[in-house]
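Quick note, the sequences are listed as chains U and F, same order. For what it's worth, our numbering labels the leading residue of the first sequence as 1, then goes sequentially. For what it's worth, our numbering labels the leading residue of the second sequence as 1, then goes sequentially. For every residue, glycine included, the Cβ atom is placed at its ideal position computed from N, Cα and C. As the structure is a computational prediction, the values presented were derived from the model and not from experiment.
Protein chains: 2
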Amino acid sequence: MKFGGTSVGDVDRIRNVAAHVKREVDAGHQVAVVVSAMSGETNRLVGLTRDVARLHDAREYDVVVSAGEQISVGLLAMALQDIGVAARSWLGWQMSVKTSDVHGAARIEMIEPDAMEAQFSEGRVAVIAGFQGVSSANRITTLGRGGSDTSAVAIAAALKADRCDIYTDVDGVYTTDPRMVPAAKKMDRVSYEEMLEMASLGAKVLQTRSVELAMAHNVRLQVRSSFDAPDAPDASANGEAIVGTLICDEDEIMETEIVSGIAYARNEAKVTLREVADRPGIAASIFGPLAEAAVNVDMIVQNMSADGKTTDVTFTVSQDELERALAVLKGATADLTFADLQAAPDMAKISIVGVGMRSHAGVAQKMFQVLAEKGINIHVISTSEIKVSVLIDADYVELAVRALHAAYGLDDELAG
Amino acid sequence: MKFGGTSVGDVDRIRNVAAHVKREVDAGHQVAVVVSAMSGETNRLVGLTRDVARLHDAREYDVVVSAGEQISVGLLAMALQDIGVAARSWLGWQMSVKTSDVHGAARIEMIEPDAMEAQFSEGRVAVIAGFQGVSSANRITTLGRGGSDTSAVAIAAALKADRCDIYTDVDGVYTTDPRMVPAAKKMDRVSYEEMLEMASLGAKVLQTRSVELAMAHNVRLQVRSSFDAPDAPDASANGEAIVGTLICDEDEIMETEIVSGIAYARNEAKVTLREVADRPGIAASIFGPLAEAAVNVDMIVQNMSADGKTTDVTFTVSQDELERALAVLKGATADLTFADLQAAPDMAKISIVGVGMRSHAGVAQKMFQVLAEKGINIHVISTSEIKVSVLIDADYVELAVRALHAAYGLDDELAG
């Protein structure tokens, strides 16, 4: 079980988390709980480090910031004991969660759960500080943004857990953003691959890295709401009840939709280089400098020109990186010759995602047709095995997402 | 160097501490700094543990509360780096400070400073979390109230430090309370034994335990103010300059006063048992039940009666434990027979302290004479090798302390 900062934001919420844990213990499970710092605490600590020194040693930053999770685990262990559940806290260095030495953004390398497993057999819940580990130099490390989800998945993998339940402020993963499309349905199951495509495309329920890790170690992930009544019985008394959305191997999903969900991302910008001299290494001369300037390039399309001597290159960046991208390209003109540099802000990316696409033809064609019927112009197309993304004018996002959601049969009939 | 919670209470004060450390580093010293949690932080964390559960697991309490020092050390290490002083933080488990398993009030058993010493040779300041250690079960322990002073002394002993400077909100140890006697002088040097007698008698500059530990390991302790300008040059450029008060072995004190200081404690109460049957074990039958009830008994006097069959026993307790003491004695009358139980609140204890007493006769006599001249009645007398304590009515505290301070030649001639 993993609870984020909002779920442990104050003493009452910590008690609520304890009640969730008790329900699972009462159902006969051995439970490890990973928690984040109380909401606001990490920001407070980060603020202190900024006030003390503008340039700070990442190792000392980790010492300060990891105190937030240390406080949470102690408090949750106490709250569990208070309702009669045996529990003890575990810090990154106690488990131990061995990580790389990249402080502030460390990667988990190995987890040694032996000491913790011994406690399970004594019926004790393990309350584990997320977001932290210990380096080979015996210093505290933190995993960087969203690291607690990753901690939870890595620990679930090390413990060979039956499931890793991520408690959040939403009750599951939807076929698209329910604030935009009221007919959006909560998915019972979704494959790792689909979740990865949707997470990186804007359905920000889980950190991408945690889903990748879950896929690599085949950890079954469940997203569910920490605001549900903790003592409500699960939907099915017989076998496993999925309350939220289960993210799992596609083999476990009996009936797959061709398209599982529609994702979107606003604040995209398009950059086009016209009549670039077409020679080997041209892509590197464009995207090398951009990578060095830490500009994140997403979609890339290259078309040969009619004469075969020049080419047009189009790519997308997030809108707030557009100016930086243009400055880099203008500064790199010695290596790079082109006739024109065109930029278009206020774009949006719409993606249809589904593992069923692999075995179905005409899925992309249907998307283009739906958008054409609504008079929506497609600027860039990019495809992968299980998704099709298009870049359109940001004004048409809602219209496009709703039309596609309906066209692929995702509307909830009850809600619709 | 050791800095308490007030000295690291906010970011500006942490910077001030860093400047104090830099001065010592610039003077060519290898420096270890022990710090407490930012003032208010420990109380905040203790409050959270109380809110979560009334009865809490001391092991989890230690996990939560020790986060306070963890935050301080990270911030101070950053502040030092920011002014060009190489530094790194050390937590109890990293050093490691091995303690007993008595969570919340653990005792230091062993310190392994090897890893830290290696860093000194690289010119790096060690910033050490006070108040915390690690148990044999690899759990975080805390040392209990005032534990940071004890940490500092234990670490100074393990490092074989030349000196352990305790920075506080006073600039040294005075011959008596300067708020009561304006002519009180700051002592340059005072012996461990004298300091122990004064600390336990109300001159609350240092924790008794830390002075005991310093004496046992011959750690030279200096008490000085953290509010002094950190970049002021020390008084003597040649050799060691004592800025505050040095607490050291009496061999190091060339010219000892016969009486070094006058201590006092208000809020004392006197209890007298009249005509107690005088038989072996009578003291145990009185003080055994009091100890069991956690009543702290201070002075004890027993006088044989004229007939040799009964005895009068008088002892003192702190005023807020008086009622409890009386209840215990009344409840214990089965084992204990006495004619009368008398109690007197509103007493005060005055003590003259000095290692010079050992070799000088008539020191106590002078005390009695001075008090008699002022018409002050002495209720109880208790003596040790280096101190004489008397119990008087609380109303006369100021008069007694001032008269004794002058009589033993302690008044500052400039101030006086």
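Beta-carbon proximity list for U:VAL31, same chain, < 7 Å, skipping 5 on both sides: MET1, VAL21, GLU24, VAL25 and VAL125
Where F:SER417 meets chain U, residues with beta-carbon distance less than 7 Å: Since the first and last residues shown for chain F are 1 and 416, residue 417 of chain F lies out of range.
Which of helix, strand or coil DSSP assigns to F:ALA364: helix
For F:PHE287, the three-state DSSP class (helix, strand or coil): In this structure, F:PHE287 counts as helix in the three-state DSSP scheme.
Partners in chain F for U:THR49, counting only beta-carbon separations shorter than 8 Å: GLY74, LEU75 and MET78
Same chain, Cβ closer than 8 Å to U:SER318, neighbours up to 5 away in sequence not counted: ASN267, GLU268, ALA269, ASN296 and ASP298
Beta-ladder partner(s) of F:LEU221, from DSSP: F:CYS164 and F:ILE247
Of the residues F:VAL134, F:ARG163 and F:LYS366, the one placed nearest F:VAL422, counting alpha carbons only: Any answer about residue 422 of chain F is impossible in this case: the structure gives chain F only from 1 up to 416.
Where F:ALA67 meets chain U, residues with beta-carbon distance less than 7 Å: ALA67, GLN70 and ILE71
Opening and closing residue of the alpha helix (DSSP H) in which F:THR150 lies: Unbroken alpha helix (DSSP H) run through F:THR150: 147 to 158.
Per-residue burial, F:ASN238 [other beta carbons within 10 Å of its own, 16 or more giving buried]: With a pLDDT of 49 at F:ASN238, under the threshold of 50, the predicted position of this residue should be treated as unreliable, though the coordinate-derived value follows. By the 10 Å Cβ count, F:ASN238 comes out exposed.
Beta-carbon gap between F:SER72 and F:VAL46 smaller than 8 Å: no
Chain-ordered chain U contacts of F:GLN369 [CB-CB under 9 Å]: By Cβ distance, chain U contributes nothing, its closest Cβ being about 58 Å from F:GLN369, past 9 Å.
Positions along the stretch 10 to 31 of chain F whose CB lies within less than 8 Å of some CB in chain U: Residues of the stretch 10 to 31 of chain F that bring their beta carbon within less than 8 Å of a beta carbon in chain U comprise VAL11, ILE14 and ARG15, in sequence order.
Closest residue to U:MET304 among U:LEU322, U:ALA294, U:ILE282 and U:GLU321 (Cα-Cα distance): U:ILE282
Residues bridged to F:PHE3 [DSSP beta-bridge criterion]: F:VAL35 and F:TYR167
Alpha carbon of U:PHE287 to alpha carbon of U:ALA332, nearest angstrom: 11 Å
Residue-level contact to chain U via CB, F:HIS56, 8 Å cutoff: For F:HIS56, the answer is yes, since a Cβ of chain U falls inside 8 Å of its Cβ.
Endpoints, beta strand (DSSP E) assigned at U:VAL134: Here the beta strand (DSSP E) through U:VAL134 covers 132 to 134.
Residue-chain proximity (F:TRP93, chain U), Cβ-Cβ < 8 Å: Answer yes: the Cβ-Cβ gap between F:TRP93 and chain U drops below 8 Å somewhere.
Secondary structure of U:SER100, DSSP reduced to three states: coil
Whole-angstrom distance between F:THR141 and U:ILE386, CA atom to CA atom: 52 Å
C-beta neighbour in chain F for U:ASN138, strict 8 Å: yes
Neighbourhood of F:ARG59 by C-beta distance below 6 Å, restricted to the same chain and skipping five residues each side: HIS103 and ARG139
Inter-residue spacing [alpha-carbon to alpha-carbon] between U:THR314 and U:SER382: CA-to-CA, the gap between U:THR314 and U:SER382 works out to about 11 Å.
U:GLN207 (DSSP reduced to helix, strand or coil): coil
Under 9 Å by beta carbon: chain U residues contacting F:GLN81: Residues of chain U passing the Cβ test: ALA53, LEU55, HIS56, ASP57 and GLU60.
F:LEU143 at chain U interface by Cβ criterion, 8 Å: Not closer than 8 Å to any Cβ of chain U, the Cβ of F:LEU143 fails to qualify, so no.
Cβ-based burial, U:HIS360 [other Cβ within 10 Å; buried from 16]: exposed
Same chain, Cβ closer than 7 Å to F:ASP231, five either side skipped, listed in chain order: ALA19 and ARG23
Segment limits, alpha helix (DSSP H) that includes F:THR49: 41 to 52
Beta-bridge partners of U:PHE315, as assigned by DSSP: U:VAL271 and U:ILE300
Burial state of U:GLU197 (16 or more Cβ within 10 Å): buried
Spatial distance of U:THR311 from U:LEU404 (CA atoms): 32 Å
Contact check, U:LEU206 vs U:ALA216, beta carbons under 8 Å: no
Alpha-carbon spacing of F:GLU292 relative to F:ILE108, whole angstroms: 26 Å
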